[in-house]
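Numbering (numbering that gives the first Met the number 0), first residue to last: 0 to 516.
Below is one structure, written out as structure tokens; comments come after it.
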Amino acid sequence: MAQEEDPYTSTERKGSPVCIFFKDARLVLKLDELGTEIAQIALPAALALTADPIASLVDTAFIGQIGPVELAAVGVSIALFNQVSRIAIFPLVSVTTSFVAEEDAIGRASPDSQEGEDLETGSTANIETKELIPQNGSTEDEGAQKLQPFSSSLDIAKYDNERRHIPSASSALVIGGILGLIQAIFLISGAKPLLSFMGVSSDSPMLNPAQEYLTLRSLGAPAVLLSLAMQGVFRGFKDTKTPLYATVAGDVTNIILDPIFMFVFRLGVSGAAIAHVISQYLISIILFWRLMQKVDLLPPSIKHLQFGRFLKNGFLLLLRVIAVTFCVTLAASMAARQGSIPMAAFQVCLQVWLATSLLADGLAIAGQAILASAFARKDYGRATATASRVLQLGLVLGLMLAVILGLGLHVGARLFTKDTNVLHLISIGIPFVAATQPINSLAFVFDGINFGASDFAYSAYSMVTVAIVSIFCLFFLSSSHGYVGIWVALTIYMSLRAFAGFWRIGTRTGPWNFLRS
């Protein structure tokens, strides 16, 4: 039992930097304590994450029956809306998950101690001064320290049944609501110039349906950002089932309303947008109702909302998500500039690419939540074991997705369009979509590991570097090789993202320097 508690030996720590990636690889699919915890968080999270892209795929399938111009127009609008949403919400969700997991772990560890009392009253003094990410650690002390901070099971059960005072939860809702309103105003007022930036010119047949769809869908931006902020809170609690149930309820509503609004009421692309907005508000209402049962959302005063802590780390992730967003948006823009047929094909491939890759984000969320708790308790052994396991699971998942997509997407493409020219370009993109799945999976999992370690600065600066290289590749390869060049550039982009994550842990720097001892 003692050997299972210590996930790495001193010999392994002194070995090759890549040892962590192969640690206990034979146990990768074993449902031991760690494997079960990862599965309980990752599976519902993955299903919730893929539910919305699947709903977008259903939208795409319905709209594809109208015509290739409408399909391409909605593809541009969806890409634009999603990328602006990511800029607004991704930093908030990521820091919320880590902060809530840290506060919850400390509260569970000592619900009756002074530190626990500080959390219960909303004070953040201990959190601000506590070294959550140690620069040096003694592994000989870790085993003895692992279980010391925890109170009895009765204390933890009592803590679970109470409405918790988690300052980060309240902060996330306030910031998410404000950002949602700003995003809605920004997209509605700037729809035409933004679409022009995406390559939809004023004389393009795509302009009117694209502007119509984007304007209506932007009305749901406040609900989107609030629901995602609340999902970040639930992830911090290691509860990914509640977001799953809410997301499925909303997306099923969207799928039911799509054909009614589009074909029965003859609203076309506007009907698809209206159905999506209704579903997003439904998701937000369900999550808010459940969150009120778990958390006291009214802090003692405004100063307990920790806006400074959010802004400091959120700004770093904002740099990162802008870099990510610019790369993907630029790729969509390059496809749109080649015409409606290439853009329609790119939209189908991109939606499949993102939907399947987000399965790995479930593992990333599990890794982030467990690692944030482990680092908060200075349980470095569990941190190392968790990082190793989720990376290995990510690789296995990526290989499985590559096989499934490589074999099935040729047939599945006909669900989205009957246009032979679009189908031909989709078939060209399929090898890239399938072959990059292992790379994508590892890149997403590395993101979750870095966020769990609160390594926000490295995540931001490394991503900016990757984006600069990838942007040059996009411009050069799209101009020289057209549609194929875009996919080659995206492959380079995801490969560099995965390498950046590998480099941080492999060199044992930053929060991982305890592996040197």
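For glycine and all other residues, C-beta sits at the position ideal for the given N, C-alpha and C.
C-beta atoms of residue i and residue j nearer than 9 Å
i           : j           : result
residue 431 : residue 490 : yes
residue 359 : residue 441 : yes
residue 470 : residue 348 : no
residue 197 : residue 335 : yes
residue 436 : residue 356 : yes
residue 213 : residue 190 : yes
residue 71  : residue 427 : no
residue 371 : residue 443 : no
residue 88  : residue 176 : no
residue 286 : residue 274 : no
residue 91  : residue 243 : no
residue 448 : residue 497 : no
residue 98  : residue 167 : yes
residue 477 : residue 333 : yes
residue 459 : residue 316 : yes
residue 59  : residue 279 : no
residue 367 : residue 162 : no
residue 44  : residue 365 : yes
residue 524 : residue 239 : No answer is possible for residue 524: it lies beyond the span of the chain, which begins at 0 and ends at 516.
residue 473 : residue 433 : no
residue 54  : residue 250 : yes
Alpha-carbon to alpha-carbon, residue j and residue i
i           : j           : result
residue 172 : residue 228 : 6 Å
residue 143 : residue 481 : Legend: pLDDT at residue 143 = 38, less than 50; position of this residue unreliable, value from coordinates given subsequently. Distance between the alpha carbons of residue 143 and residue 481: 59 Å.
residue 385 : residue 305 : 29 Å
residue 30  : residue 39  : 10 Å
residue 392 : residue 363 : 10 Å
residue 245 : residue 233 : 12 Å
residue 420 : residue 479 : 21 Å
residue 509 : residue 19  : 15 Å
residue 236 : residue 378 : 18 Å
residue 319 : residue 28  : 32 Å
residue 519 : residue 410 : The structure shown does not extend to residue 519, since the chain spans only 0 to 516, so no value can be given for it.
residue 413 : residue 395 : 28 Å
residue 270 : residue 69  : 13 Å
residue 465 : residue 263 : 47 Å
residue 327 : residue 337 : 16 Å
residue 488 : residue 294 : 44 Å
residue 81  : residue 504 : 30 Å
residue 63  : residue 267 : 11 Å
residue 211 : residue 77  : 12 Å
residue 102 : residue 259 : 45 Å
residue 221 : residue 184 : 10 Å
residue 485 : residue 461 : 22 Å
residue 329 : residue 106 : 44 Å
residue 216 : residue 314 : 27 Å
residue 361 : residue 265 : 37 Å
residue 178 : residue 26  : 43 Å
For residue i: DSSP bridge partner residues
i           : result
residue 294 : 163
Residues of its chain near residue i, where Cβ-Cβ distance is below 6 Å and the 5 sequence neighbours each way are ignored
i           : result
residue 75  : 197, 199, 209 and 335
residue 500 : 445
residue 502 : none
Same chain, Cβ closer than 8 Å to residue i, neighbours up to 5 away in sequence not counted
i           : result
residue 206 : 72, 191, 194, 199 and 200
Residue i: CB within 8 Å of a non-hydrogen atom of the ligand GDP
i           : result
residue 221 : Absence of the ligand GDP is noted for the structure shown, with no ligands found whatsoever.
Could you tell me which uninterrupted alpha helix (DSSP H) segments, each at least 4 residues in length, are contained entirely in the region 346-418, listed from first to last along the chain?
-> 379-411
For the region 153-230, list the beta strand (DSSP E) runs that are entirely contained and at least 3 residues long, ordered along the chain.
-> none
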